[in-house]
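Numbers in the working numbering are just positions in the sequence shown, counted from 1, shifted up by 145.
All residues carry an ideal CB built from backbone N, CA and C; glycine is no exception.
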Amino acid sequence: MNKKYDLYAIGNALVDMEYEVHDDFFTKHKIDKGLMTLVDEERQKYLLDSLGTAPKKQQCGGSAANTAIAASQFGAKSFYSCKVAKDPIGNFYFQDLLDNGVHSNLMHQDRESGVTGKCLVLITPDAERTMNTFLGITSTISKTEVDPEAIRNSKFMYMEGYLVASPTGREAAVQARKIAEAAGVKTALTFSDVNMVKFFKDGLKEMIGDGIDLLFCNESEACAFTDTNDVIVAREKLKAIAKTFVITLGENGAVIFDGETFIDIEPYPVRAVDSNGAGDMYAGAFLYAITHRHTYASAGKLASMAASKVVSQFGPRLKTEVALDIKKHVLG
Numbered sequence: 146m147n148k149k150y151d152l153y154a155i156g157n158a159l160v161d162m163e164y165e166v167h168d169d170f171f172t173k174h175k176i177d178k179g180l181m182t183l184v185d186e187e188r189q190k191y192l193l194d195s196l197g198t199a200p201k202k203q204q205c206g207g208s209a210a211n212t213a214i215a216a217s218q219f220g221a222k223s224f225y226s227c228k229v230a231k232d233p234i235g236n237f238y239f240q241d242l243l244d245n246g247v248h249s250n251l252m253h254q255d256r257e258s259g260v261t262g263k264c265l266v267l268i269t270p271d272a273e274r275t276m277n278t279f280l281g282i283t284s285t286i287s288k289t290e291v292d293p294e295a296i297r298n299s300k301f302m303y304m305e306g307y308l309v310a311s312p313t314g315r316e317a318a319v320q321a322r323k324i325a326e327a328a329g330v331k332t333a334l335t336f337s338d339v340n341m342v343k344f345f346k347d348g349l350k351e352m353i354g355d356g357i358d359l360l361f362c363n364e365s366e367a368c369a370f371t372d373t374n375d376v377i378v379a380r381e382k383l384k385a386i387a388k389t390f391v392i393t394l395g396e397n398g399a400v401i402f403d404g405e406t407f408i409d410i411e412p413y414p415v416r417a418v419d420s421n422g423a424g425d426m427y428a429g430a431f432l433y434a435i436t437h438r439h440t441y442a443s444a445g446k447l448a449s450m451a452a453s454k455v456v457s458q459f460g461p462r463l464k465t466e467v468a469l470d471i472k473k474h475v476l477g
């Protein structure tokens, strides 16, 4: 049966605001470098005031949103479930999704009063990203935002690990997984951030349930989840929770388990300027490829090249023409 969507994703809706800073900014303002830290509205406003300039780039974001948009750029049909407020930045978010060809629950849901979430993305010269996030109304994302019909009409249902930090968000993810399983739709999860694994492991296990079809994680997340410092041990343990998985290894490429064998994916050498969104881009390109009958090895090559391109520029997205050039180069 033909499905209306290749990918259904659910996650936090955040407007990404990117700034270039130096390490002394972190020292001065007591910010943990390289991590995603949840902050309240007052703290985020203070940091924005301290920066004192307009962001280098502003666009709709959130981990799973970036993945849905990336998949769409390569040619997938994507749907995104999220929650934004009835405010100007919420209007911006909705329009940006539409402009990128992504359908969403926002098309037919009334929005509540409140404040749309924002993610302050701080980029240092070493290309590391540090995020200070005020979730705003997305902290109350719940089962209400889940679209059962869109899930049933998709090839894959994809959850972001960040949802685990919100009780209602976790419930929404679990419900989406159960709907997908009942409809024979494949399930996928990204761990999102090592802190989600360290502090919310039980919640992630609840989102995983009896097991998912595809997991995305990096080396530190894989090791943290499996309680080991050895990625070889970690990848064996991950077989217990995911039929297939991808472990990204930074400058060392990635290793993929396709359900039978491990596949090493070589990295594409690149001068990194901004790692923001690399994992999201990787997942989007990978999901595009496997929903369009390409092998896991080909999907890994496409995802690796796409991620290498995105870290060589500012922002978590590629221009659509760049994505299509990469697809032509890797997949023919």
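- Query: Where does K350 sit, in a helix, a strand or coil, going by DSSP?
  - Reply: helix
- Please determine, among K454, G398, Q458, the residue with the shortest C-alpha to C-alpha distance to L469. K454
- Give the straight-line distance between the Cα atoms of N236 and G314, rounded to the nearest whole angstrom. 22 Å
- Query: Closest by CA to G398, which one among A379, N374, G424?
  - Reply: G424
- Item | 6 Å Cβ shell around F361 - same chain, five flanking residues per side excluded | T335, V391, A428
- Item | Simplified DSSP assignment, three categories, for E305 | strand
- Task: Can you check DSSP and say which residues form a bridge with R274?
- Result: I268
- Query: Do you know whose CA, among N147, S217, V309, A317, lies nearest K464's CA?
  - Reply: S217
- Query: Whose C-alpha, out of Y164, S337, E326, V291, is nearest the C-alpha of T198?
  - Reply: Y164
- Message: Looking at Y441: is its Cβ nearer than 7 Å to the Cβ of M302?
- Response: no
- Taking three-plus beta-carbon pairs below 8 Å as touching, is the region 399 to 407 in contact with the region 432 to 448? yes
- Query: Between C364 and V378, is the Cβ-Cβ spacing less than 7 Å?
  - Reply: The sequence shown places Glu at residue 364, not Cys. Not closer than 7 Å, so no.
- Run of the beta strand (DSSP E) containing K202, from where it starts to where it stops: 202 to 206
- Query: Counting pairs of beta carbons, one from the region 186 to 205 and one from the region 320 to 327, are three or more of them closer than 8 Å?
  - Reply: no
- Query: Going straight from the alpha carbon of K138 to that of V166, what length do you get?
  - Reply: There is no way to answer for residue 138, as the model of the chain reaches only from 146 to 477.
- Task: Over the uninterrupted beta strand (DSSP E) stretch that includes S226, give me the two end residues.
- Result: 223 to 226
- Query: Tell me the DSSP bridge mates of D161?
  - Reply: Q204, C264
- Where do the ends of the alpha helix (DSSP H) carrying M341 lie? 339 to 344
- Task: Report yes if the C-beta distance between D358 and K384 is below 7 Å; otherwise report no.
- Result: no
- Around the C-beta of Q240, are 16 or more other C-beta atoms found within 10 angstroms, so that it is buried, or is it exposed? exposed
- Task: Can you have a look at G477 and say buried or exposed, based on whether 16 or more other CB atoms are within 10 angstroms of its CB?
- Result: exposed
- Query: In whole angstroms, what separates the C-alpha of T389 from that of G259?
  - Reply: 39 Å
- Query: Any heavy atom of the ligand PLP within a distance shorter than 6 Å of the CB on H437?
  - Reply: As far as ligands go, the structure on display features none, and thus does not contain the ligand PLP.
- Query: Quick one: any contact between the region 176 to 192 and the region 292 to 300, if contact means 3 or more CB pairs under 8 Å?
  - Reply: no
- Are the Cβ atoms of K288 and A317 separated by less than 7 Å? yes
- Item | Of the listed residues D292, S311, I268, nearest to F279 (C-alpha basis) | S311
- Enumerate, from N- to C-terminal direction, the unbroken beta strand (DSSP E) stretches of 3 or more residues contained entirely within the region 177 to 203. 181 to 183
- Message: Going residue by residue through the region 401 to 438, where are the continuous beta strand (DSSP E) segments of at least 3 residues, counting only ones entirely within it?
- Response: 407 to 410
- Message: Pop quiz: I155 and V291 are said to be a contact at Cβ under 8 Å. What is the actual Cβ separation, rounded to whole angstroms?
- Response: 7 Å
- Task: Name the two residues that bound the continuous alpha helix (DSSP H) containing H248.
- Result: Where H248 is concerned, there is no enclosing alpha helix (DSSP H), although the beta strand (DSSP E) it sits in stretches over 247 to 249.
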